[in-house]
Structures are given as structure tokens and as C-alpha cells.
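Remarks on the structure that follows.
Numbering (the UniProt record's numbering), first residue to last: 1 to 184.
Listed below in C-alpha cells is the structure:
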């Protein structure tokens, strides 16, 4: 597809995500969490073979708590975001495109590891994480007329942890496989 027509569509797929950056020392670590994403997109033609593709996605991310030992009180860390990727697409050949751009995420919910305040009282897990997440997306997509398929990697660049609760610095890292439908 050449960047000549405005397109709107829906998409969804599989996320394989983990929290990168600081991890627990020793025999425990963060493992991948397999979840999903779903949402809408628009492809806006620019010039020649370039277009801009903003998206609005619900994305289930986070990590599983893993490693050699399991530890009481530590569960899978489920972080669910409303993500807004803003991608520049380059149409390499008919149907095949490369995409690159920022991903802005807003934390909708956090469920997992139990978090305690200074008095030892359990608090809402969402308070332990920053509301805003920023990353960079790099991917490829292929279009068969109205049907689209793609692979994408979102590399987190901002710390997901609230500094009031931990000095660890972690980022969302998400590999996505997706399919979509474009309303021409």
C-alpha cells in the first residue's frame, strides 16, 4: 500500500512482556508475562511512502515473578495500560511497512505483589507505580488489502516504579504479534 489514503481500523494480538532494568538479586527474577492488546488505529498519509499511524490500545503488560525460588507475597505483576503509539510508517514495498515512534502509556490498573506502607499496612498496588509510561516502538507490518499483520517491540525508557516505594528502576519491554482490519 502506498501512503495515499486515510485508513481507520481495529487491531489486537498477543503481548509477551517483562519488566527490564533492576531486578531482584540472587535466585529470583522477573519472567515474561503473556497477555494481550486490543484497540483502534488510523493511518494518515504524509508524502511519498511515509504516513503517520496513531493508535489507542488497551495493553496488558507486566511480568511474572520467577526464578529458582518462589517467595510468599510476590505474585505476577500485572500492569494494564491505555497506550497511545504515534508511529511513522515507511512503506518499503507494496504491503510491507516499517514503523518507528514513541509510545505513551497511562497506567489503568496494577495487580500483583503486595505493597506495604511504613506502618506495615497493605496499600493499593497501583500507588507503587508511575501513572505515565514512555517507550519507543519498532516494528513491521504487512497489509493484504483490508487485513493487516505485524510484529512490534516496545522498549520502555521511563521508570515504571514510584520512587516513594522503591529505588529499583524498571521499564516495560513488550513484544507484540498482532492482526487487524482496515476500513478503507
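We put the beta carbon where it would ideally sit given N, CA and C, even for glycine.
For residue i, the three-state DSSP class (helix, strand or coil)
i: residue 125; result: helix
i: residue 5; result: coil
i: residue 157; result: coil
i: residue 165; result: coil
i: residue 131; result: coil
i: residue 76; result: coil
i: residue 49; result: coil
i: residue 22; result: coil
i: residue 94; result: coil
i: residue 184; result: coil
i: residue 32; result: coil
Neighbourhood of residue i by C-beta, 6 Å cutoff - its chain only, sequence neighbours within 5 removed
i: residue 152; result: 137, 139, 176
i: residue 83; result: 57, 59, 103, 105
i: residue 25; result: The predicted position of residue 25 is uncertain, since its pLDDT is 48 and thus under 50; no value can be drawn from it.
Cα-Cα separation, residue i to residue j
i: residue 32; j: residue 155; result: 14 Å
i: residue 87; j: residue 16; result: 20 Å
i: residue 207; j: residue 125; result: With the chain running from 1 to 184 in the structure shown, residue 207 is simply not present.
i: residue 150; j: residue 162; result: 33 Å
i: residue 47; j: residue 160; result: 36 Å
i: residue 186; j: residue 61; result: What is shown of the chain runs 1 to 184, which leaves residue 186 out entirely.
i: residue 141; j: residue 99; result: 8 Å
i: residue 38; j: residue 148; result: 14 Å
i: residue 11; j: residue 169; result: 31 Å
Sequence-distant residues of its chain with Cβ nearer than 8 Å to residue i (five each side left out)
i: residue 183; result: 7, 8, 9, 146
i: residue 202; result: The requested residue 202 is not part of the displayed model; the chain covers only 1 to 184.
Residue(s) in a DSSP beta bridge with residue i
i: residue 179; result: 12, 149
i: residue 40; result: 10, 56
i: residue 108; result: Partner(s): none; residue 108 has no beta bridge.
Close-in-space but distant-in-sequence residues of the same chain around residue i (CB under 7 Å, 5 per side omitted)
i: residue 81; result: 59, 61, 105, 106, 107, 108, 133
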